[in-house]
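Some notes on the structure that comes next.
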Amino acid sequence: MREIKFRAWHNPHKEMIYNPNVCIVVLQQDLPEWDLMQYTGLKDKNGKEIYEGDIFTAGYWGTVGYYGEDTFVVELEQGAFRGFMQEYHKNKKERWSHSTPLYKLENLEVIGNIYENPELLDKGL
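Residues in the sequence shown are numbered consecutively from 1, following UniProt numbering.
Below, the structure written as structure tokens:
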């Protein structure tokens, strides 16, 4: 069974919090200055936990074979954690044709998150 846990980004202080007690309060009270992110239950190739909002690199397969490596953002969409290619995460266009369930990606490596490392979305890694 997957472990259910969260982390929270505090917008005023620009700080990521991994304290479960803080996350429970944020979840219960729906505090607007906090952004809550759920743990996917998966770890990257280095053993780092993968959360919503994480930015990662990974190899991926398509209908014609292996496409190579790209940069993705983790989002929870219709009950499933998916990796959205970074350019489509920013534009929010053609989302389903450019997203992949996390379990289908290879050699995931978390390189940051959308709060602490937004510049990774602009680099087009």
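Note that the Cβ used here is the ideal one computed from N, Cα and C, for glycine as well. Computed from a predicted structure; not experimentally measured.
On the DSSP bridge list, what partners appear for residue i?
{"i": "Met16", "result": "Trp9"}
{"i": "Val74", "result": "Gly83"}
{"i": "Gln38", "result": "Phe6"}
Ordered along the chain, which non-local residues of its own chain (more than five positions away) have a Cβ less than 8 angstroms from that of residue i?
{"i": "Ala58", "result": "Glu69, Asp70, Phe72, Gly83, Leu105, Glu106, Asn107, Leu108 and Glu109"}
Using CA atoms only, rank isn't needed, just tell me which of the options is closest to residue i.
{"i": "Pro101", "options": "Met85, Pro12 and Glu116", "result": "Met85"}
Helix, strand or coil for residue i, going by three-state DSSP, please let me know.
{"i": "Leu31", "result": "coil"}
{"i": "Ile111", "result": "strand"}
{"i": "Lys104", "result": "helix"}
{"i": "Glu94", "result": "The predicted position of Glu94 is uncertain, since its pLDDT is 48 and thus under 50; no value can be drawn from it."}
{"i": "Asp122", "result": "helix"}
Could you name the residues of the same chain whose beta carbon sits closer than 6 angstroms to that of residue i, not counting the 5 residues immediately before and after it, in chain order?
{"i": "Cys23", "result": "Phe6 and Ala8"}
Keeping to the same chain, check which residues put their C-beta closer than 7 angstroms to that of residue i; ignore five residues upstream and five downstream.
{"i": "Glu33", "result": "His10, Asn11 and Pro12"}
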